Amino acid sequence: MSFDINWESIASDNNISDQLLEFLNDKLGSLELPEYLNGLQVVKFSLGERSPEITIKDVDFPFPEFYSESDGAHSKQQNDYQNSAMQRRQGLHQKTAPLSPTKQSISSRYPQTNFEIDSDLQLTVDLKFDSKIYIEVICNLLVNYPAPEFIKLPVRLKITDLYIHSLAIVAYLEKKLFISFLCDINDDEQLSGRADSVASTTSGLDTRENSQRIDIIKNLRIEGEMGSYEPSNFSVNLANVSNGSILRNIGKIEKFLVSALRGMLISELAWPSWIEL
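So the sequence shown is numbered by UniProt numbering: it starts at 1 and just counts up by one.
Dropping the structure here:
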């Protein structure tokens, strides 16, 4: 099952873009920067006009871990909803194909929790996002010889064409929405073959192993250019700076930024982490 998203209204919402820009700057500001770099800041962010493709693969109750985020109101409604919730669980598994013909849906591995209510829902989705996201970052490339920060060279980096193809879960409980990425999907493989990966994702592996198993960002394009983003402040003699050295260090900045963005998304979104909306 697939559905359409009113992506235009999301992408054109300046409040959403501003919040995402603030989020990125908050995370980048907490990074330990290499000695050749400072002043790292996102100055522009756009989600772009191309929407993600989302296909629903499974419907079930939320993973038990999500209930730890609940304020406890679920427990007050347990007696009213438990019977109907169990009937609903059985109905879902009769009507919905599992991730694999030989595997049960993942959340059925757990016993019924004491907090589930009839409105709780979790979708397992195939999320493919061949995006037109645009992120613009500025920073300073430092020349630390013959003295620290002897020269600061302004650098502008433009990130575009970010590509994601992952198996994700979207859980709804008590008017809260939880999103987490389980594993990457190769474009040439069948999703049904990912059942084992989903099971291993939720089976108690430590965060380090989970992070090594998923990239989230499968590809992107990054272009770096040296030049002043504040022309009046850029008047430095580059006669003693090697062009080759500058280009190599810009390449280092690009690699550092890509690694930082990927690590940030893994830390925030890859199971057992999630975002709550």
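C-beta: ideal position from N, C-alpha, C; glycine also.
Since the structure is predicted, the reported quantities are computational estimates derived from the model, not experimental observations.
Distance between Asn-144 and Phe-150, taken at the CA atoms: about 5 Å. For Lys-27, the uninterrupted alpha helix (DSSP H) run begins and ends at 14-29, by DSSP.
Contact between Ser-46 and Ser-17 holds: their C-beta atoms lie close to 6 Å from each other, under 8 Å.
Following the DSSP letters along the chain, one finds Ala-168 in no alpha helix (DSSP H) but inside the beta strand (DSSP E) bounded by residues 151-173. When DSSP states are grouped into helix, strand and coil, Glu-268 belongs to the helix group.
A straight-line Cα-Cα distance of about 29 Å links Ile-185 and Asp-13.
For Ser-9, the enclosing alpha helix (DSSP H) stretches over residues 7-11. Short of 7 Å from the beta carbon of Met-264, and not among the five residues preceding or following it, lie these beta carbons of its own chain, in chain order: Lys-27. In the DSSP assignment, the residues bridged to Ser-180 are Ile-169. When rounded, the separation of the alpha-carbon atoms in Lys-152 and Ile-138 is 12 Å.
Within the same chain, Cβ atoms closer than 8 Å to the Cβ of Asp-215 are found at Asp-184, Arg-262, Ile-266, the five residues on either side in sequence being excluded. Boundaries of the beta strand (DSSP E) harbouring Lys-128: 121-130, taken from the DSSP string. Its Cα nearest to that of Ile-54, the residue Val-170 stands out among Pro-148, Val-170, Asp-161. Partner residues in the beta bridge of Tyr-134, as assigned by DSSP, are Ser-46.
Bounds of any beta strand (DSSP E) do not take in Asp-215, whose DSSP letter is neither H nor E. At a Cβ-Cβ threshold of 8 Å, Leu-173 and Asp-120 count as neighbours.
Residues Asp-130, Lys-218, Asn-219 of the same chain have their beta carbon placed closer than 6 Å to that of Tyr-163, with the five preceding and five following residues left out of the count. It is roughly 15 Å from the alpha-carbon of Asp-161 to the alpha-carbon of Gly-224.
According to DSSP, Arg-221 shares a beta bridge with Thr-160. DSSP, reduced to helix, strand and coil, places Ile-185 outside both helices and strands of the structure shown, so it counts as coil. The beta-bridge partner set that DSSP reports for Asn-38 consists of Asn-140. The criterion of a C-beta distance shorter than 8 Å is not satisfied by Leu-33 and Leu-24.
Exposed is the label assigned to Val-43, since fewer than 16 other Cβ atoms lie within 10 Å of its Cβ.
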